[in-house]
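Chains as they are written, first to last, in UniProt numbering: chain A, 1 to 289; chain B, 1 to 266. Down below is the structure, laid out as structure tokens.
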Amino acid sequence: MSIRLEQVMYTYGMGTPFEKTALNETNIEIHEGEFIGIIGHTGSGKSTFVQLLNGLLHPTQGTVTVDGIDVGLKTKAAMDMRHKVGMVFQYPEYQLFEETIARDIAFGPRNFGLSEAEIDERVREAMDFVGLDYQTYAERSPFRLSGGQMRRVAIAGVIAIHPEYLILDEPSAGLDPAGRREIFSGIQRWHEEKNITVILVSHNMEDISRMAGRLIVLSQGDIILDGEPLDIFSTQQETLRSAGVAVPPVTEVLQYLQARGFHLNDRVHTMDEAISSLYHCLRGMPHAH
Amino acid sequence: MLTDITLGQYFPGNSFLHHLDPRAKIIGTMMFIVAIFFADSLLAYSIVTAFVVLNFIISRLPAKLILKSLRPLWIIIVFTMGVHIFTTPGDVVWQYGILHVTREGIYQGSRMTGRLIYLIVFSSLLTYTTSPIVLTDGIEHLLNPFRRIGVPAHELAMMMTIALRFIPTLLEETDRIMKAQTARGANFTSGSLWQRGKNMIPLLVPLFVSAFRRADDLATAMEARCYRGGEGRTRMNELSYTYRDGIAMTAVLLVTVVLATLRWLV
């Protein structure tokens with residue numbers, strides 16, 4: 001069970017003077033249950049890459065298969081595949097359209113032909129997932145909410161499909177820290193409990209190092225790095241910098257101290273781990289500087 | 001997908017025609033279109049043909065663009081030809097029931113369709129070699145003298161510019177919303193007409209919401225920068241005539257005079 005890209009290439013505006021290759025020939029496999037972070041500079045091909053994963057874009061060359069089914073085909077199986085791969089776009093709040101929040105969230109499940117009882121169940125569960133109280137919000141108009149709440153409704157609309165692969169393109173852009181924490185903790189919980197595959201596109205390195213088990217770095221349409229985030233952060237700083245991205249701020253501080261002669265561990269996921277790494281280093285020294 | 005649609009017909013290039021001043025191009029095109037209707041004799045038609053072909057060669061556009069510009073109008077072309085062939089009285093060369101084709105009909109038909117084709121091809125040369133924004137600039141300048149009789153030249157041009165500016169943005173937005181709803185299982189391509197119309201709601205509602213939001217933002221941004229219409233406004237890129245425009249105008253004028261002479265004086 002995996003998503004495979006074989007010799008996939010994507011070119012926009014084929015045959016016009018505006019022709020532009022967004023993704024060069026790419027071979028990659030995304031396994032079930034992985035939590036993948038994707039980073040890259042603006043225009044590096046991230047959005048193109050994730051849209052190829054569920055057939056929203058058809059590759060100019062090569063094939064994309066989800067669980068063995070070619071998503072480029074127009075067969076029923078390829079159409080059904082759509083609800084296996086959920087996609088949360090950048091600024092998803094601009095896709096809301098229904099009169100009530102509950103009906104907007106129900107749009108996906110209804111399209112995939114679930115019964116009314118199941119739909120209602122899914123809506124309640126999805127609203128709970130993003131932290132919106134069903135009693136209070138279900139019958140309100142989505143257009144009367146704040147930006148952050150609209151974002152949550154939109155994410156709930158994708159969660160309600162129960163995707164096996166969940167793709168999120170910058171889900172936290174423009175959210176306050178509390179809203180970010182809430183959305184990410186929900187996603188992490190789902191990832192762990194239901195063993196779904198999560199693909200997270202983000203500019204926030206801290207989020208990626210905290211959650212992702214595998215990191216893919218894109219630059220100018222090529223996958224230049226693919227591996228364990230901490231490995232990449234501690235050994236590939238130069239490549240990262242040339243791709244226009246940086247290591248997480250916490251790692252950067254620890255690496256700076258390392259370069260100044262402190263013997264400490266820079267393989268940390270969070271601020272707390274960084275503090276304890278620093279603490280151990282200082283404790284271990286015979287006398288303080 | 002939707003974003004593959006190129007805006008207008010502009011085909012970027014670096015030819016003599018691309019570098020002409022838009023005002024010269026608009027006036028020249030209009031003049032030549034009038035001149036096409038002067039053409040009456042075989043010699044005159046040859047001159048028109050030569051001039052159109054010459055311009056296409058100078059523009060260095062791919063030849064298939066000629067066909068592309070004619071495609072949307074081929075029904076009108078065929079219709080014109082048919083009407084003339086079958087309804088002009090004269091020497092009958094072929095007859096079937098009440099349908100009869102005359103020698104004069106064929107002659108008249110080819111003349112009219114010839115004019116039509118040249119008209120379309122030549123005016124599409126203008127849109128192929130001029131970007132929409134520059135074209136709007138040219139139109140604004142040409143309309144300026146009419147401001148006295150109440151033509152809001154600047155406002156018209158500003159509206160056109162804004163509309164052109166937002167077409168790609170809205171197309172992109174449409175594409176994005178369409179994809180987002182497709183990912184949630186929406187279907188925009190199959191079903192009955194009624195069903196398909198209903199399926200457009202998840203696309204149209206967010207699109208209108210965002211279009212109004214953008215219009216509002218743009219109005220605020222323009223006001224914040226003290227926009228107050230065209231009165232006393234200067235531009236960053238002034239249009240200016242060069243020797244090229246002189247050459248082009250002279251050429252068009254020459255062809256027009258020659259065609260007029262052939263029609264009335266020879």
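Here a beta-carbon is modelled for each residue, glycine too, at the ideal position from N, C-alpha and C. This structure is a prediction, so every number in the text was calculated from the model and none was measured.
Contact with chain B by residue i, beta-carbon distance below 7 Å
i                      : result
A/M9                   : no
A/Y256                 : no
A/G108                 : yes
A/L56                  : yes
A/M87                  : yes
residue 290 of chain A : This structure cannot settle anything about residue 290 of chain A, because the visible part of chain A is limited to 1 through 289.
A/F112                 : yes
A/Y94                  : yes
A/F129                 : no
A/F97                  : yes
Which of helix, strand or coil DSSP assigns to residue i
i      : result
A/A243 : coil
A/Y134 : helix
B/N14  : coil
A/L168 : strand
A/Y12  : strand
A/E6   : strand
A/K46  : helix
A/D231 : helix
B/T49  : helix
B/Q95  : strand
A/S185 : helix
B/T3   : With a pLDDT of 43 at B/T3, under the threshold of 50, the predicted position of this residue should be treated as unreliable, and no value is reported.
B/T189 : coil
A/D226 : strand
B/T234 : coil
B/V266 : coil
A/S276 : helix
A/R214 : strand
A/S209 : helix
Residue-chain proximity (residue i, chain A), Cβ-Cβ < 7 Å
i      : result
B/G114 : no
B/G185 : yes
B/I177 : yes
B/V93  : no
B/A157 : no
B/A63  : no
B/A180 : yes
B/S123 : no
B/P202 : yes
B/V205 : yes
B/F210 : Here residue 210 of chain B is Ser; the residue named in the question, Phe, does not match the sequence. With 7 Å as the cut-off, B/S210 counts as an interface residue toward chain A.
B/P89  : no
B/P132 : no
B/P12  : yes
Expected contact under 8 Å - CB spacing of residue i and residue j to nearest Å
i      : j      : result
A/F89  : B/A180 : 5 Å
B/T136 : B/A153 : No, B/T136 and B/A153 are not in contact; Cβ-Cβ is about 11 Å, not under 8 Å.
A/I39  : A/S172 : No, A/I39 and A/S172 are not in contact; Cβ-Cβ is about 14 Å, not under 8 Å.
A/L240 : A/L200 : Their Cβ separation, rounded to whole angstroms, is 17 Å, which puts A/L240 and A/L200 out of contact at 8 Å.
B/L20  : B/R244 : 6 Å
B/Y118 : B/F11  : With a Cβ gap of about 19 Å, B/Y118 and B/F11 do not count as contacting.
A/F184 : A/D207 : 7 Å
A/V153 : A/L132 : 7 Å
B/I120 : B/L61  : At roughly 15 Å, the Cβ-Cβ gap does not stay under 8 Å, so B/I120 and B/L61 are not in contact.
Quiz item: Do the segment 140 to 147 of chain A and the segment 94 to 105 of chain A make contact, defined as three or more Cβ pairs closer than 8 Å?
Solution: With the rule of 3 Cβ pairs closer than 8 Å, the segment 140 to 147 of chain A counts as touching the segment 94 to 105 of chain A.
Quiz prompt | alpha helix (DSSP H) runs contained entirely in the segment 137 to 170 of chain B, provided each spans 4 or more residues | solution = Listed in chain order, nothing qualifies, since the segment 137 to 170 of chain B has no complete alpha helix (DSSP H) run of 4 or more residues.
Quiz prompt | the segment 57 to 67 of chain A contacting the segment 3 to 15 of chain A, beta-carbon criterion three pairs below 8 Å | solution = Yes, the segment 57 to 67 of chain A touches the segment 3 to 15 of chain A.
Quiz item: Which runs of the alpha helix (DSSP H), 4 residues or longer, sit entirely within the segment 19 to 63 of chain A?
Solution: Note on the segment 19 to 63 of chain A: whole alpha helix (DSSP H) runs with a minimum of 4 residues are 46 to 52, in chain order.
Quiz item: Which residue spans inside the segment 79 to 132 of chain A form an unbroken alpha helix (DSSP H) run of at least 4?
Solution: Within the segment 79 to 132 of chain A, the complete alpha helix (DSSP H) runs of at least 4 residues are 101 to 111 and 116 to 129.
Practice problem: Just list the beta strand (DSSP E) runs in the segment 56 to 127 of chain B, keeping only unbroken ones of 3 residues or longer that don't cross its boundaries, in chain order. | Solution: Runs of beta strand (DSSP E) with 3 or more residues, each lying fully within the segment 56 to 127 of chain B, are found at 92 to 96 and 99 to 102, listed in chain order.
Quiz item: For the segment 34 to 52 of chain B against the segment 96 to 105 of chain B, are there 3 or more C-beta pairs whose distance is under 8 Å?
Solution: Segments in contact, no.
Quiz item: What residue ranges within the segment 177 to 226 of chain B form continuous alpha helix (DSSP H) runs of no fewer than 4 residues, ordered along the chain?
Solution: Within the segment 177 to 226 of chain B, the alpha helix (DSSP H) runs of at least 4 residues that lie entirely inside it are, in chain order, 193 to 199 and 201 to 224.
Quiz item: Does the count of Cβ pairs from the segment 267 to 276 of chain A and the segment 83 to 98 of chain B closer than 8 Å reach three?
Solution: No, the segment 267 to 276 of chain A does not touch the segment 83 to 98 of chain B.
Quiz item: Should the segment 26 to 38 of chain A be regarded as contacting the segment 209 to 228 of chain A, the criterion being three or more beta carbon pairs within less than 8 Å?
Solution: Three or more Cβ pairs closer than 8 Å define a contact, and the segment 26 to 38 of chain A meets that threshold against the segment 209 to 228 of chain A.
Practice problem: Evaluate contact between the segment 66 to 73 of chain A and the segment 43 to 51 of chain A, counting only Cβ atoms and requiring at least three cross-stretch pairs below 8 Å. | Solution: A contact is defined here as three or more CB-CB pairs under 8 Å, and the segment 66 to 73 of chain A fails this definition with respect to the segment 43 to 51 of chain A.
Quiz item: Is the segment 245 to 265 of chain B close to the segment 20 to 37 of chain B, with three or more CB pairs under 8 Å?
Solution: In short, these stretches touch, since the Cβ pair count reaches three.
Quiz prompt | the segment 151 to 161 of chain A in contact with the segment 179 to 196 of chain B per 3-pair CB rule at 8 Å | solution = Here the segment 151 to 161 of chain A makes contact with the segment 179 to 196 of chain B; the two share three or more CB pairs at distances below 8 Å.
Practice problem: Indicate whether the contact test is met: 3 or more Cβ pairs, each with one atom in the segment 209 to 224 of chain B and one in the segment 159 to 178 of chain B, closer than 8 Å. | Solution: Three or more beta-carbon pairs drawn from the segment 209 to 224 of chain B and the segment 159 to 178 of chain B are found closer than 8 Å, and the two stretches are therefore classed as touching.
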